[in-house]
Each structure stands twice: as structure tokens, then as C-alpha cells.
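Counted the way full-length UniProt numbering counts, the sequence shown spans residues 1 to 393. Take a look at the structure below.
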Amino acid sequence: MTIDEIIDDLEEAPPLLEDAEGSSGPRRIALFVEPSPFAYISGYKNRFQNFIKHLREMGDEVMVVTTHEGVPQEFHGAKLIGSRSFPCPMYHNVPLSLALSPRIISEVAKFKPDIIHASSPGIMVFGALAIAKLLSVPLVMSYHTHVPAYIPRYTFSWLVEPMWQVISKQHPPLIFSNISFIASDGEPEKLLIIHVGRFGLEKNLDFLKRVMDKLPGVRIAFVGDGPYRPELEKMFTGLPAVFTGMLQGEELSEAYASGDVFVMPSESETLGQVVLESMSSGVPVVAARAGGIPDIIPEDNEGKTSFLFRPGDLDDCTDKIERLLSSKEFRVEMGKAAREEMEKYDWRAASKKIRNELYNAAIWYWRKNKQELPNPLQWLARMFLPPQEANHN
């Protein structure tokens, strides 16, 4: 059964803890988030910090289990628990934790969650799965990092298929699953491409060097930081490129507004928050048609709010950038349309949808099928043992 079918079935199901406005009443929500939304700088961090904030504003009690580094004493009244972690073997900047110690299990049990929500993929999701089974609590998973796309760049390509197998095991059908000073740079009349984000090898940022080689007279600004920055700066030596480092708040808003076109070459984005931010700033985007970006720029909006290009197709990408750079009127018109489209997106609205629709669907489905769901030992056997062939003799 798909999540859409389950949500459709909710029309026939009795309401769950609903108030007079039709939204769910207060719940106790245990979030398992890896890496930490308090230490790891990325769109992922902003996403979960806003989500926690809005859950609290909507009256929910929230417990957050995450990797131990940088966990604050308090965050909008949510209970925070740090779990001992270790560096990811292929990406040392990202700590991992199974979060399955007796201390964690005890804390979650005392919290008595109505639902467990785990970010995936990663290893903490296995801890969340096990605890949900042990405590007999419904579970929701949200998929945030397209790990198989990282593997060929950081390790061995033969690991891609096993990673897909792990992800498919994690998500079986029964479980739900960035300145004004940049613009000047001594040449304010020159057009400016901007890219904001975390600089990692998997983000295809070397593709931007090939783009710039085909666009003489155009400048580029990189806003952000990450492990790939030294190589990127070396790659762009002698070119009209600026590296600002990390920016926040008003400086980041000014950075977006200084750009003429935002270019996103990454093919591994599950959401693409910087694309949302650029479009919200009225700056049109040219992005790879991959991952979650087509959800932001669907086919019927392409060419109206922003552009998508075929992944890895240099000519397709530069043709669309040139269309925007060649006409200020066209850029302004598209930027205005992009901003209007993004007004539909809002952190609170997104949080409310997850809370009132997906959580409701998961709880109702779990209640309906509770007797049919495998017990912890049966579940472990299904997860890790091969299915036995039926005996037809």
C-alpha cells in the first residue's frame, strides 16, 4: 500500500485527536535526526530546526535524539539527547550514531512517544526502527540524503547497489516513509552567477568550471564552505570568481539578491533548499533535472519560474543561462514569477502537513494493522535473513 492510498483511506477513518480547526491535538513526538541539526551546517540543519520550532508552537512535546556534538541545553522547549557518535568512514565531517544504548532506550521509553520520526538514510534509523518495535510505537521515516549518489565520488562504485539494498530494507511498504559587496567586486556592470551551499565533491561543482569557460565576461560567486572548497578555489584561480565563506541572515539575503542567475549542478539533492531560497529572493534558477529539484520546478512551471537542464549536459545548461543573462526583462519577469510561486512554500505549512497528514496516516495505519505487524524478533528475521523458498514437494 502506498502512502497516497493510505492518506486516501483516512477519509474513511475516524479522526485522530483533532481539535475544532481539524488539526491534530498535542502529541509526544520522538525525532531521531542524524547528523545533528545543531552542529552540521546545511539546509538539513535549517529544515529540522524549523520543524522542531513549529512542532513546539503547535503544542507538541518533542524529544530529539541526535549525534552528541554541539547539542545545546535547550531548543524551543524540546528535550534533547545526544548519542555518542563516530566519523562517517567515507565523509569524516559527518558523525554517525546508532542511538541504541540502554540510556537512549530508557529515555525514549520514559518519554512515551505517540510517534517516532527518523531521518534517513543513515545508521541512526536502525536504532529508531528497533526502539519503535520494542516500544510498539508507530514510525515515520523521511528520506533526506541521496547517499548512493555520493558513493562513486568518495569510495567504490560497486557499493552503490548494496546501498540501494540497505535503503530498500529501511523503507519497506509497511513503513512511511545562500551580498552586495559580491556584486560590486570592482566590476558591478558584469553579470553574476551565484551558487550557495555546502561544498562537497558530490555536488558536481566542477561542472561550474566548464560552465564558466563557456561564458566569458560573466562572474561567479560561491557562498558557503565545505571540504571541497580548497580544490574549488584552486580550480577557479585566475577566473572572475569570489568565495565569500559562510554567510547568514541579512548578509546571506543580500548575497542572493546580488545574483543574476543561480546555478545548481548537483544531482543528489533531496530537497534543494538553496533553490527555494534563491527563487524566494526573486533570482531565477538553472538547475539539474535530478533528485528533488523537479518537485520545486515541475514541468508545467519550467521556463516560467526557473529552468531545468539535463544532468551533465553542458550545452543545455549554458543555453538556458545565456537566455536569462541576455535579457534583464526576462530575468526580472521570471524572478518575480519564482518569488510568487515560493510564497506557497512555508516552514510552518510544511511542518503542519507532516504533522497533521503524514503522522495521522502513520498512526491510523499502525492501529489498523497492529495485529498483523511482525513482533520484534520476526521483524529482525525479515530484515537480516534471506526469505526461505517454499517447499513444493
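Beta carbons are placed, not taken as given, at the ideal position from N, Cα and C, and that holds for glycine.
Given a length threshold of 3 residues, each whole run of the beta strand (DSSP E) inside the UniProt domain "Glycosyl transferase family 1" (188-340) is given here in chain order: 192-198, 219-225, 241-245, 261-264, 285-288 and 307-309. For G217, the CB contacts under 8 Å within the same chain, skipping 5 residues up- and downstream, are K190 and L191 in chain order. Separation of the CB atoms of D206 and M235 is rounded to 7 Å, and the pair is thereby assigned contact status at 8 Å. Distance between L100 and L129, taken at the CA atoms: about 10 Å. For P138, DSSP records no beta bridge to any residue. With fewer than 16 other Cβ atoms from the protein chains shown falling within 10 Å of its own Cβ, D315 counts as exposed.
Under the 8 Å Cβ criterion, the stretch 326-344 counts as touching the stretch 298-311, having at least three qualifying pairs. For R219, the CB contacts under 8 Å within the same chain, skipping 5 residues up- and downstream, are D185, E187, K190, L191, L192, I193, P240, A241 and V242 in chain order.
Under DSSP, I29 takes part in a beta bridge, and its partners are V62 and I115. Contact fails between the stretch 25-39 and the stretch 249-260, because fewer than three Cβ pairs, one in each stretch, are under 8 Å apart. Around the beta carbon of P298, fewer than 16 other beta carbons lie within 10 angstroms, which makes this residue exposed. Here K320 has V286, F307 and F309 as same chain residues with Cβ atoms under 6 Å from its own Cβ, once five neighbours each way along the sequence are excluded. Counting along the chain, the unbroken beta strand (DSSP E) around K79 starts and ends at K79 to S83.
Between A132 and P87, the alpha-carbon positions lie close to 25 Å from each other.
With the rule of 3 Cβ pairs closer than 8 Å, the stretch 358-367 does not count as touching the stretch 68-82.
For I363, the enclosing alpha helix (DSSP H) starts and ends at Y359 to K368. Taking every protein chain shown into account, the CB of P102 has fewer than 16 other CB atoms within 10 angstroms, so this residue is exposed.
Sorting Q73, S280, L201 and P138 by C-alpha distance to the C-alpha of S268 places L201 at the top. Taking every protein chain shown into account, the CB of E250 has fewer than 16 other CB atoms within 10 angstroms, so this residue is exposed. The Cβ atoms of V196 and V274 sit closer than 8 Å to each other. Residue environment for A290: buried (at least 16 other C-beta atoms within 10 angstroms of its C-beta). Selection E61, I296, V283 and R56 evaluated against L325 yields V283 as nearest (Cα-Cα).
For the set P265, D114, R331 and A221, the Cα lying nearest the Cα of R355 is the one of D114. Taking C-beta separations shorter than 8 Å and ignoring five residues to either side along the sequence, the partners of L96 in its chain run E34, P35, T67, S85, F86, P87, C88, G122, I123 and M124, following chain order.
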